[in-house]
Amino acid sequence: MWKGRFTQQTADLVQRYGESISYDWRLYPHDIAGSIAHARAQLNAGLLSKDEFSQIENGLREIQQEIESGDFEFSMELEDIHMNIEAALTQKIGPAGAKLHTARSRNDQVATDTRLYCRSSIDTLFGLATGLQKALLGKAGQHAAAVVPGYTHLQRGQPVTIGHHLLAYVEMLERDKQRLRDCRKRLNTCPLGSGALAGSTINLDRHAIAQELGFDGVSTNSMDAIADRDYIAEILFGLALLGTHLSRLSEDLILWCTSEFGFATLSDAHTTGSSLMPQKKNPDVCEITRGKTGRLIGNLVALLTALKGLPLTYNRDLQEDKEPLFDSIETTTLALEVNTEMVSAMQVNETTCRQAASDPLLLATDLADYLVRKGVPFREAHELVGKAVAASEKSETPLDQMDLGTVSSEFSSDASEVFSLKSALRARTNPGSPSVENVQREVERWQTYLQ
Numbered sequence: 006m007w008k009g010r011f012t013q014q015t016a017d018l019v020q021r022y023g024e025s026i027s028y029d030w031r032l033y034p035h036d037i038a039g040s041i042a043h044a045r046a047q048l049n050a051g052l053l054s055k056d057e058f059s060q061i062e063n064g065l066r067e068i069q070q071e072i073e074s075g076d077f078e079f080s081m082e083l084e085d086i087h088m089n090i091e092a093a094l095t096q097k098i099g100p101a102g103a104k105l106h107t108a109r110s111r112n113d114q115v116a117t118d119t120r121l122y123c124r125s126s127i128d129t130l131f132g133l134a135t136g137l138q139k140a141l142l143g144k145a146g147q148h149a150a151a152v153v154p155g156y157t158h159l160q161r162g163q164p165v166t167i168g169h170h171l172l173a174y175v176e177m178l179e180r181d182k183q184r185l186r187d188c189r190k191r192l193n194t195c196p197l198g199s200g201a202l203a204g205s206t207i208n209l210d211r212h213a214i215a216q217e218l219g220f221d222g223v224s225t226n227s228m229d230a231i232a233d234r235d236y237i238a239e240i241l242f243g244l245a246l247l248g249t250h251l252s253r254l255s256e257d258l259i260l261w262c263t264s265e266f267g268f269a270t271l272s273d274a275h276t277t278g279s280s281l282m283p284q285k286k287n288p289d290v291c292e293i294t295r296g297k298t299g300r301l302i303g304n305l306v307a308l309l310t311a312l313k314g315l316p317l318t319y320n321r322d323l324q325e326d327k328e329p330l331f332d333s334i335e336t337t338t339l340a341l342e343v344n345t346e347m348v349s350a351m352q353v354n355e356t357t358c359r360q361a362a363s364d365p366l367l368l369a370t371d372l373a374d375y376l377v378r379k380g381v382p383f384r385e386a387h388e389l390v391g392k393a394v395a396a397s398e399k400s401e402t403p404l405d406q407m408d409l410g411t412v413s414s415e416f417s418s419d420a421s422e423v424f425s426l427k428s429a430l431r432a433r434t435n436p437g438s439p440s441v442e443n444v445q446r447e448v449e450r451w452q453t454y455l456q
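Whatever position you read off the sequence shown (first residue = 1), add 5 for the numbering used here.
Here it is in structure tokens:
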């Protein structure tokens with residue numbers, strides 16, 4: 006590739022240290038698509054004959070078939086997927102293959118391939134995230150009226166429903182999808198034609214290349230086009246946050262499946278046992294998801310650290326963008342797939358949920374609201390209910406069985422009506438609140454939106 010300048014062969018250790026074919030082989034369909042578009046532009050510019058273009062296109066498609074069938078032999082000596090494909094093409098078709106790299110550098114070639122890979126991956130992830138939303142939505146609709154404690158600080162706070170709780174994750178995933186979609190818009194600019202850093206004296210129709218590859222337009226600064234890895238950082242951030250949301254869902258389900266909570270049961274297909282304790286049913290999918298989120302965050306930090314000190318334009322450090330990118334995309338892809346299966350097969354134990362939600366302390370805030378409706382300032386109402394709770398705990402009498410009139414004359418006999426879960430949920434009618442009607446309405450809205 007650069008034998009004209011050097012008199013020594015690249016050392017074996019250097020080849021092993023610098024090769025990327027062991028992981029960037031994933032770019033092969035995008036490299037081939039980009040090369041065909043580039044060759045077509047060469048044809049239109051008079052740099053290739055029709056026969057040469059036909060040889061190149063057919064040769065590249067044959068190479069793609071060989072890779073997909075497992076018959077292609079990758080060479081570490083050729084460093085990366087780009088040179089592996091080019092060398093195979095030249096070997097296959099002869100001199101025409103050696104013309105393919107005219108007016109192109111590996112720098113703009115890699116940048117183009119990576120953008121195509123990211124664009125395709127975002128489309129796949131978008132669909133998988135929608136699949137998990139639908140699984141959560143199915144459970145939310147099924148358990149729209151299943152009352153359960155809502156928590157702050159992992160302490161019981163106020164009554165909500167399983168449906169309302171699961172819809173929170175539908176919302177999170179939608180934000181994740183929109184972040185990825187927004188990133189897709191920014192990355193969908195074609196850098197091919199930017200050369201190594203300063204374009205080329207051989208002018209090809211960059212707009213035609215961009216159109217063939219499905220880009221919205223062409224990059225407008227060759228140096229930025231070569232140096233830019235913002236879109237990879239954006240994707241890694243988006244996936245790290247998506248992973249964080251999956252990790253939070255996992256933690257909720259881990260808690261729900263404990264004997265101490267008992268709100269849900271995961272299927273045998275999505276849990277494992279113990280090598281020693283026969284009774285164990287461990288939520289491994291949830292725990293692995295929680296653990297893998299650390300990798301997603303680490304990949305983002307690794308890329309940002311690699312980028313932070315680089316002068317323009319290309320530096321070999323940028324090779325370090327690939328492994329974090331591939332790992333995050335593949336990890337998130339599998340995480341979305343397995344979590345969708347797990348949620349779909351999960352069983353909610355509504356009786357246990359209702360028993361936990363029957364704790365009258367969950368309606369302490371409603372009791373304060375009762376006083377507010379009687380004209381008591383909220384801070385005073387808060388203090389009075391706090392005294393009632395303290396008296397309840399001291400006397401070991403449930404709050405709903407207390408004679409609240411002994412705490413304050415502000416409490417009338419109708420205060421006992423506050424302690425109705427059904428009424429408490431029904432009263433939460435503001436948009437976004439967990440009344441059964443609101444939850445059912447939100448489920449219907451999401452079902453329509455996600456169709």
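We treat Cβ as the ideally placed atom computed from N, Cα and C, and that holds for glycine. On a predicted model such as this, the values are computed, not experimentally measured, just so you know.
Within the segment 166-217, ranges of the beta strand (DSSP E) (whole runs, at least 3 residues): none
Beta-carbon proximity of A103 to T95, cut-off 8 Å: By 1-based counting over the sequence shown, the position of residue 103 is 98. By 1-based counting over the sequence shown, the position of residue 95 is 90. A contact, by the Cβ cut-off of 8 Å.
Residue-level contact to chain D via CB, T370, 8 Å cutoff: Going by chain labels, chain D is absent from the structure shown, which holds only one protein chain.
8 Å contact criterion, which L251 and T294 should meet: CB distance rounded: Taking the sequence shown and counting its residues from 1, one reaches residue 251 at position 246. Taking the sequence shown and counting its residues from 1, one reaches residue 294 at position 289. Confirmed, Cβ separation roughly 5 Å.
Touching by the beta-carbon criterion (3+ pairs, under 8 Å), the segment 146-155 and the segment 166-186: yes
With 16 other Cβ atoms within 10 Å as the buried cut-off, status of E449: Position 444 of the sequence shown holds residue 449. Looking at its Cβ environment, which holds fewer than 16 other Cβ atoms inside 10 Å, E449 is exposed.
Candidates D128, D210, G200, T225, of which the one nearest D187 by Cα: As a position in the sequence shown, residue 187 is number 182, starting the count at 1. With distances taken between Cα atoms, D187 lies closest to D128.
First and last residue of the uninterrupted alpha helix (DSSP H) at V436: For the purposes of this step, residue 436 is identified with residue 431 of the sequence shown, where counting begins at 1. For clarity, residue 436 is Pro in the given sequence; the question names Val instead. No alpha helix (DSSP H) contains P436, which DSSP labels as neither H nor E.
Residues near L241 in its chain [Cβ-Cβ closer than 8 Å; skip 5 each side]: Taking the sequence shown and counting its residues from 1, the one referred to as residue 241 is at position 236. Taken in chain order, the residues that qualify are L301, N304, L305, L308, P329, L330, S333.
8 Å Cβ cutoff met for V444 and A173: Indexing the sequence shown from 1 puts residue 444 at position 439. Indexing the sequence shown from 1 puts residue 173 at position 168. For V444 and A173, no; Cβs fall outside 8 Å.
Cβ-Cβ distance between L209 and T337 below 8 Å: In the sequence shown, residue 209 corresponds to position 204, counting from 1. In the sequence shown, residue 337 corresponds to position 332, counting from 1. Contact: no.
Reduced DSSP secondary structure (H/G/I, E/B, other) of Q456: Taking the first residue of the sequence shown as position 1, residue 456 is located at position 451. Coil.
Candidates E57, H87, L404, S255: closest to L372 by CA position: To locate residue 372, count along the sequence shown from 1; it is residue 367. L372 has its Cα closest to that of L404, out of E57, H87, L404, S255.
Local conformation of Y319 per DSSP, three classes: By 1-based counting over the sequence shown, the position of residue 319 is 314. Coil.
Touching by the beta-carbon criterion (3+ pairs, under 8 Å), the segment 62-81 and the segment 270-283: no
Backbone CA spacing between I214 and H43 [nearest angstrom]: As a working mapping, residue 214 is identified with position 209 in the sequence shown. As a working mapping, residue 43 is identified with position 38 in the sequence shown. Using only the alpha carbons, I get a separation of about 6 Å.
Beta-carbon spacing of L367, P164 below 8 Å: Here residue 367 corresponds to residue number 362 of the sequence shown, with the count starting at 1. Here residue 164 corresponds to residue number 159 of the sequence shown, with the count starting at 1. Against a cut-off of 8 Å, the Cβ pair of P164 and L367 comes out as a contact.
Closest residue to T361 among F383, G155, E346 (Cα-Cα distance): As a position in the sequence shown, residue 361 is number 356, starting the count at 1. One point to set straight first is that residue 361 is Ala, not Thr, in the sequence displayed. Here the closest residue by C-alpha is G155.
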